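In our numbering, the protein residues as written are 9 to 126.
Notes follow once the structure below has been shown.
The following block contains the structure:
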């Protein structure tokens, strides 16, 4: 009986810790290495990579759609994301990502370590 109580307390504590993350950054950090996340990055040459794999812009919609059932979230970042001047490809990439109807998190660079603050 005592082991069951300890187990219940541990499970409750873990659930509480996850639920009480102080912000989305902590929750995103927990999920960052999850295979159900697609990391889309637009580099300085305006080439797109998804989880490090180069994908032609004209194939991005198909690539993301074909993996939609296996993922729960999309992370997006681009080279020099803090610059007000964005390459024209940004709009296309974001439209394709939004079309997937999955939650999206924006990051500051290719490491996907820092979430863009609202």
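Cβ coordinates follow ideal geometry from the N, Cα and C atoms, glycine included.
Please read all numbers here as calculations on a predicted model, not as lab measurements.
When the Cα of residue i is compared with those of the options, which residue comes out closest?
i	options	result
residue 97	55, 43 and 71	55
residue 103	117, 92, 78 and 73	73
residue 114	81, 71, 93 and 44	81
residue 121	106, 69, 83 and 64	83
residue 119	43, 53, 44 and 59	59
residue 94	70, 110, 78 and 53	53
residue 110	68, 76, 71 and 89	76
Hey, quick one: how far does the beta strand (DSSP E) through residue i stretch, first residue to last?
i	result
residue 58	56-58
residue 87	Looking at the DSSP string, residue 87 is not in any beta strand (DSSP E), and its letter there is neither H nor E.
residue 113	112-114
residue 123	It is not in any beta strand (DSSP E) - residue 123 carries neither H nor E in the DSSP assignment.
residue 48	45-50
residue 63	61-63
Count the other CB atoms, across all protein chains shown, that sit within 10 Å of the CB of residue i; report buried if there are 16 or more and exposed otherwise.
i	result
residue 24	With a pLDDT of only 32 at residue 24, under 50, the local geometry of the prediction cannot be trusted, and no value is derived from it.
residue 99	exposed
residue 85	buried
residue 47	buried
residue 49	buried
residue 64	exposed
residue 107	exposed
Residue i lies in the alpha helix (DSSP H); which residues open and close that run?
i	result
residue 70	68-75
residue 101	97-107
Excluding sequence positions up to five away, which residues of its chain have a Cβ less than 6 angstroms from the Cβ of residue i?
i	result
residue 51	87
To which residues of the same chain is residue i closer than 7 angstroms at the C-beta, ignoring the five residues directly before and after it?
i	result
residue 78	44
Using C-beta distances below 8 angstroms, list every residue in its chain close to residue i, excluding the 5 sequence neighbours before and after it, in chain order.
i	result
residue 105	48, 72, 82, 84 and 112
residue 62	55 and 56
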